[in-house]
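Engineer: Under mature numbering (1 follows the signal peptide of the UniProt record, and there is no 0), read the sequence shown as residues -21 to -1, 1 to 139, first letter to last.
Cβ coordinates follow ideal geometry from the N, Cα and C atoms, glycine included.
Dropping the structure in here first, questions after.
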Amino acid sequence: MKIVVLGSIALTLGLSAAANAQSVSSAQFVAKAGASDKFEIEAAKLETTSSNPGVANFAKQMITDHTKSTQMVKQAAIADKLIPKPPMLSAKQTKDLVALRAVSGTSRDTLYISQQKVAHAEALTLMQTYASNGTATNLTKTAEEIVPVVQMHKDMIDKM
């Protein structure tokens, strides 16, 4: 009986997550991808001078890669006849940046790594979901191209 109940709960949660993922419109995807990139770039700018070479190098790569992915999504959105708005951080992203700015040294490195683990997990889910369920052709292709890059970032940060 426990297995049936747990299986039903897991199935319900899985279907809810899938339903929520499919409900992301193309405009919402562009906005969320832009916010994700903006957060990762702004956070990385604080870490390029970290005394930890691994963190500093990761941060520099985040600026380069997320600047590129922002342009890719913007170009795909325009090709799909959408008008991308300037990226805006969510309340959580703004709060996380404030917290990151409030600390320094190894405390900042630790917080940055922690925040980036979450940010990259969320970004990966967003990209994978839109790549699988997106309705705009160019955006879907772009999400597919970005997935391996975000996966690589996630793998890198998970090892720190």
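Sort Met131, Leu103, His132, Leu68 by Cα distance to Phe18 and report the nearest one.
Structural biologist: Leu68
Engineer: Could you check whether the stretch 20 to 39 touches the stretch 68 to 84, counting it as contact only if at least three pairs of C-beta atoms, one from each stretch, sit closer than 8 Å?
Structural biologist: yes
Engineer: Taking only the alpha-carbon atoms, compute the straight-line gap between Lys138 and Val3 and give it to the nearest angstrom.
Structural biologist: 30 Å
Engineer: With a threshold of 8 Å, are at least 3 pairs of Cβ atoms found where one atom belongs to the stretch 115 to 124 and the other to the stretch 39 to 58?
Structural biologist: yes
Engineer: Are the Cβ atoms of Thr49 and Ala12 separated by less than 9 Å?
Structural biologist: yes
Engineer: Using a threshold of 9 Å, state whether the C-beta atoms of Asn31 and Asp88 are closer than that.
Structural biologist: yes
Engineer: Let me know the secondary structure DSSP gives Leu118 once reduced to three states.
Structural biologist: When secondary structure is reduced to three states using DSSP, Leu118 falls in the helix class.
Engineer: Please state the DSSP three-state secondary structure of Met131.
Structural biologist: helix
Engineer: Could you check where the alpha helix (DSSP H) with Pro32 kicks off and where it finishes?
Structural biologist: Start and end: 32 to 58.
Engineer: I think Thr114 touches Ser15, with their Cβ atoms under 8 Å apart; what is that distance to the nearest whole Å?
Structural biologist: Rounded, the Cβ-Cβ distance is 20 Å, inconsistent with contact.
Engineer: DSSP three-state label for Ser69, please.
Structural biologist: coil
Engineer: How many angstroms separate the CA atom of Lys133 from the CA atom of Ala70?
Structural biologist: Taking the straight line from one Cα to the other gives about 22 Å.
Engineer: By Cβ distance below 8 Å, which residues in the same chain neighbour Ile92 in space, the five residues on each side in sequence not counted?
Structural biologist: Excluding positions up to five away in sequence, the list reads Val34, Ile136, Met139.
Engineer: Pick out whichever of Met131, Ala58, Val9 has its Cα sitting closest to the Cα of Gln95.
Structural biologist: Met131
Engineer: Given this structure, state the Cα-to-Cα distance separating Val97 from Leu90, to the nearest angstrom.
Structural biologist: 11 Å
Engineer: How many angstroms separate the CA atom of Thr85 from the CA atom of Val9?
Structural biologist: Taking the straight line from one Cα to the other gives about 34 Å.
Engineer: Thinking just about the alpha-carbon of each residue, which of Thr116, Ala110, Asn117 is nearest to the one in Pro127?
Structural biologist: Ranking Thr116, Ala110, Asn117 by CA distance to the CA of Pro127 puts Ala110 first.
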